[in-house]
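First up is the structure itself, then whatever we jot down about it.
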Amino acid sequence: MVSFTRRRLLEGAVAAPFIVSATRGFAAAGDRPNFTIAVADLPATLEPARELSNVGTRVTYSIFDTLIRRDFLGSPDGGGSDLKPHLATKWERVSPSELIVTLREGVKFHNGDELTSEDVAYTFRDGRLWGDKAQIPGGKPYFGVLASVEPIDRYTVRFRTKAPDVLLEQRLASWCAWIVNKRAYEEMGFEAYSKKPVATGPYKVVNHSASEATVLDAFDDYFMGRPTAKRVTFKRVPELAARVAGLVAGDYDLITNIPPDQMSVVGDYKDIDVRSVVLANVHVLAFNEKDKVLSDKRIRQALVASIDRQALVDSLWQGTALVPQSHNFPEYGQMFVEGRKLPFDQAKARALLKEAGYNGEPIVYRTQANYYTNALEAGQILIEQWKAVGINASLQVIENSTQQRGPGAQIFNWSNSTRLPDPLGAIWVAWGPDGEIQKQGFWQSADAFNKAGRALEAETDPAKRKAFFTQMLDAWEDQAQATILYQPSEAYAIKKSIAWRPTTFYFMDLRPDNLSFGKA
Numbered sequence: 001m002v003s004f005t006r007r008r009l010l011e012g013a014v015a016a017p018f019i020v021s022a023t024r025g026f027a028a029a030g031d032r033p034n035f036t037i038a039v040a041d042l043p044a045t046l047e048p049a050r051e052l053s054n055v056g057t058r059v060t061y062s063i064f065d066t067l068i069r070r071d072f073l074g075s076p077d078g079g080g081s082d083l084k085p086h087l088a089t090k091w092e093r094v095s096p097s098e099l100i101v102t103l104r105e106g107v108k109f110h111n112g113d114e115l116t117s118e119d120v121a122y123t124f125r126d127g128r129l130w131g132d133k134a135q136i137p138g139g140k141p142y143f144g145v146l147a148s149v150e151p152i153d154r155y156t157v158r159f160r161t162k163a164p165d166v167l168l169e170q171r172l173a174s175w176c177a178w179i180v181n182k183r184a185y186e187e188m189g190f191e192a193y194s195k196k197p198v199a200t201g202p203y204k205v206v207n208h209s210a211s212e213a214t215v216l217d218a219f220d221d222y223f224m225g226r227p228t229a230k231r232v233t234f235k236r237v238p239e240l241a242a243r244v245a246g247l248v249a250g251d252y253d254l255i256t257n258i259p260p261d262q263m264s265v266v267g268d269y270k271d272i273d274v275r276s277v278v279l280a281n282v283h284v285l286a287f288n289e290k291d292k293v294l295s296d297k298r299i300r301q302a303l304v305a306s307i308d309r310q311a312l313v314d315s316l317w318q319g320t321a322l323v324p325q326s327h328n329f330p331e332y333g334q335m336f337v338e339g340r341k342l343p344f345d346q347a348k349a350r351a352l353l354k355e356a357g358y359n360g361e362p363i364v365y366r367t368q369a370n371y372y373t374n375a376l377e378a379g380q381i382l383i384e385q386w387k388a389v390g391i392n393a394s395l396q397v398i399e400n401s402t403q404q405r406g407p408g409a410q411i412f413n414w415s416n417s418t419r420l421p422d423p424l425g426a427i428w429v430a431w432g433p434d435g436e437i438q439k440q441g442f443w444q445s446a447d448a449f450n451k452a453g454r455a456l457e458a459e460t461d462p463a464k465r466k467a468f469f470t471q472m473l474d475a476w477e478d479q480a481q482a483t484i485l486y487q488p489s490e491a492y493a494i495k496k497s498i499a500w501r502p503t504t505f506y507f508m509d510l511r512p513d514n515l516s517f518g519k520a
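Counting in my numbering, the sequence shown runs from 1 upward without gaps.
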């Protein structure tokens, strides 16, 4: 019923604009078009390591660059993991704990400064991303492994890690690794830089309003070549129907967050194409161990066991999403643990509730309505699945993540991305001791998980690493501090004349090699 109602509302919303609107083409700006993207939400800040959300990286990916570039589009599914030169032209392993990186000469920042080793050392300095008093605590799960980052000369940098780290190259191509401009950062200060950062990316910030729009202009000195759009605007449009109506009317060139049940509706318009990809991301539920009811592991385990994930995928995602084998993904290669399975056992759930002495105490699930595709619909189904085994569950729709995790929090939704093709870039970043869940005190029984994770960080032997990862999975599943719902797809609707491919991350790559405009 939910999907049918949404379909009818959407069809009504888009029909009128489509009838009265002539084909507008792209808004001309000299010899290049402007490019307008309607998104469900925008980030609070543009400091790239401070804003690690899905909505944040979608925007900052066009403002900043990394030393090494992960070649997502080198794979047909948009999830390639090979590395190639970017701001760095080459890198060399001197030892398991030392990497020498050579920078590309002549790369310009948006303020005209040339990129040097001083900017790189400043980006990765003790006190910003790592160390006891890191300015951005979210950087520690990625770069807490660092011991030092030192300029050797103007275009050469030495990275040293505290212990052998097999993932350092992948880290330098991933989250938190976007290079900042030292001079601008120091002159502007942390807060001002966060609002209008200076970087090396293809587009530079004109202005940013989290409630309205982020406007970027082409940076024509970009080292990969002149950007193909003159101006890029990320416009906040929370309602799906309004995004679709604007696309059909010609106000937007691309829109995000198309639910699977609307893909065929939107794709029926002759000048619109729907492009989708399965994300390197999972939607999860987190349980608050500090809560009186959920402090009992057996109740958390019952909540986990009563979820029919395949039913969620079939009803909400029309087969475009996947149910993974726990927090464990094939892109890990040899580290992937075969044969894991997320539980669905209603009889076991009822038995666990009885054993725990559960007596109908209320349990509230909090979700935002529009932040995650299908979040509200999934929440409604989850409530019914929990009620089916005797859990007195209810749904509370809130406005933001602060409210989700605020006083009285019991269950809330979240997502985890596989930010490196390794467990250290997924489950460990999200649920380890430097991750926000443990930092906020929601998971207090993580000793076994943390012990195995720290051992994994220091290990280089593939067989031993896999054994430590298996221990982490065992601990995470046993404690049931959280559970995975599914690995979602993400669909975009775009004018057919625009050549652009999505990736398995929320990164929206608008560089010249992935964005071009045909005849409108």
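All C-beta atoms, glycine included, are put in the ideal place defined by N, C-alpha and C.
Output needed for residue i: all residues of its chain with C-beta closer than 8 Å, excluding positions within five of it in sequence on either side, in chain order.
{"i": "G106", "result": "E114 and F223"}
{"i": "P512", "result": "P202, Y222, M224, G225, R226, P227 and T228"}
{"i": "I383", "result": "Y365, A393, S394 and L395"}
{"i": "G138", "result": "A49, R50, L52, C176 and E436"}
{"i": "A521", "result": "Outside the shown range of the chain (1 to 520) lies residue 521, about which nothing can therefore be said."}
{"i": "D434", "result": "P137, K140, P141 and G144"}
{"i": "A163", "result": "S97, V145, E457 and A458"}
Which partner residues does residue i have in the DSSP bridge list?
{"i": "W500", "result": "L515"}
{"i": "D284", "result": "Before going further, note that residue 284 is Val rather than Asp in the sequence given. Paired residue(s): W414 and I484."}
{"i": "I363", "result": "A393"}
{"i": "I68", "result": "P85"}
{"i": "N450", "result": "According to DSSP, N450 bridges with nothing at all."}
{"i": "D153", "result": "T156"}
{"i": "T373", "result": "Answer is none; T373 lacks a bridge partner."}
{"i": "W130", "result": "D126"}
{"i": "D113", "result": "Looking at the DSSP assignment, D113 forms no beta bridge with any residue, so it has no partner."}
{"i": "K204", "result": "D217"}
{"i": "K108", "result": "E114"}
Can you give the Cα-Cα distance for residue i and residue j, rounded to whole angstroms?
{"i": "L515", "j": "R350", "result": "53 Å"}
{"i": "F336", "j": "M188", "result": "44 Å"}
{"i": "E239", "j": "A321", "result": "22 Å"}
{"i": "W414", "j": "K464", "result": "30 Å"}
{"i": "D509", "j": "Y193", "result": "22 Å"}
{"i": "W91", "j": "D461", "result": "22 Å"}
{"i": "R32", "j": "L424", "result": "42 Å"}
{"i": "D268", "j": "P76", "result": "24 Å"}
{"i": "Y252", "j": "I272", "result": "11 Å"}
{"i": "A173", "j": "V101", "result": "12 Å"}
{"i": "Y486", "j": "T256", "result": "19 Å"}
{"i": "T36", "j": "W500", "result": "14 Å"}
{"i": "W476", "j": "I179", "result": "34 Å"}
{"i": "S148", "j": "Q471", "result": "30 Å"}
{"i": "K230", "j": "V277", "result": "27 Å"}
{"i": "R275", "j": "F517", "result": "16 Å"}
Got a sec? Which residues, its chain only, sit under 7 Å from residue i by beta carbon, not counting five neighbours each side?
{"i": "R298", "result": "L352, E355 and A356"}
{"i": "R183", "result": "D113"}
{"i": "A213", "result": "T233, F234, K235 and R236"}
{"i": "R93", "result": "L99"}
{"i": "N181", "result": "F109, N111, D113, D119, V198 and A199"}
{"i": "L87", "result": "D65, T66, L67, L103, R104, V107, L115, I179 and T200"}
Grouping DSSP H, G and I as helix and E and B as strand, with all else coil, what is residue i?
{"i": "K290", "result": "coil"}
{"i": "S211", "result": "coil"}
{"i": "I484", "result": "strand"}
{"i": "P33", "result": "strand"}
{"i": "V94", "result": "strand"}
{"i": "Y269", "result": "coil"}
{"i": "S148", "result": "strand"}
{"i": "F234", "result": "strand"}
{"i": "Y506", "result": "coil"}
{"i": "Q479", "result": "helix"}
{"i": "R275", "result": "strand"}
{"i": "T402", "result": "helix"}
{"i": "F143", "result": "helix"}
Can you name, in chain order, every residue of its own chain whose Cβ lies under 6 Å from the Cβ of residue i, other than the five neighbours on each side?
{"i": "F72", "result": "G78, G80 and T503"}
{"i": "A430", "result": "N416"}
{"i": "D220", "result": "R226"}
{"i": "L376", "result": "A369"}
{"i": "R340", "result": "Q325, S326 and N328"}
{"i": "Q170", "result": "L420"}
{"i": "K196", "result": "V205"}
Measuring CB atoms only, is the stretch 70-82 touching the stretch 155-166, in the sense that at least three cross pairs come out at less than 8 Å?
At 8 Å Cβ cutoff, the stretches do not touch.
Would you check if there are 3 or more beta carbon pairs closer than 8 Å linking the stretch 368-382 to the stretch 34-41?
By the C-beta criterion, the stretch 368-382 is judged to be in contact with the stretch 34-41, since at least 3 inter-stretch pairs fall below 8 Å.
Spell out a yes or no on whether the stretch 124-142 and the stretch 401-412 are touching, meaning 3 or more CB-CB pairs, one atom from each, closer than 8 Å.
Under the 8 Å Cβ criterion, the stretch 124-142 does not count as touching the stretch 401-412, having fewer than three qualifying pairs.
Does the count of Cβ pairs from the stretch 451-468 and the stretch 326-344 closer than 8 Å reach three?
Contact holds: three or more Cβ-Cβ distances are below 8 Å.
Quick test of the definition: if touching needs 3 or more C-beta pairs under 8 Å, does the stretch 492-499 touch the stretch 304-320?
With the cut-off at 8 Å, the stretch 492-499 and the stretch 304-320 do not touch.
Assess, as a yes-or-no matter, whether the stretch 254-267 is touched by the stretch 59-69 under the definition of 3 or more beta carbon pairs within less than 8 Å.
No, because fewer than three Cβ pairs between the stretch 59-69 and the stretch 254-267 fall closer than 8 Å, the two stretches do not touch.
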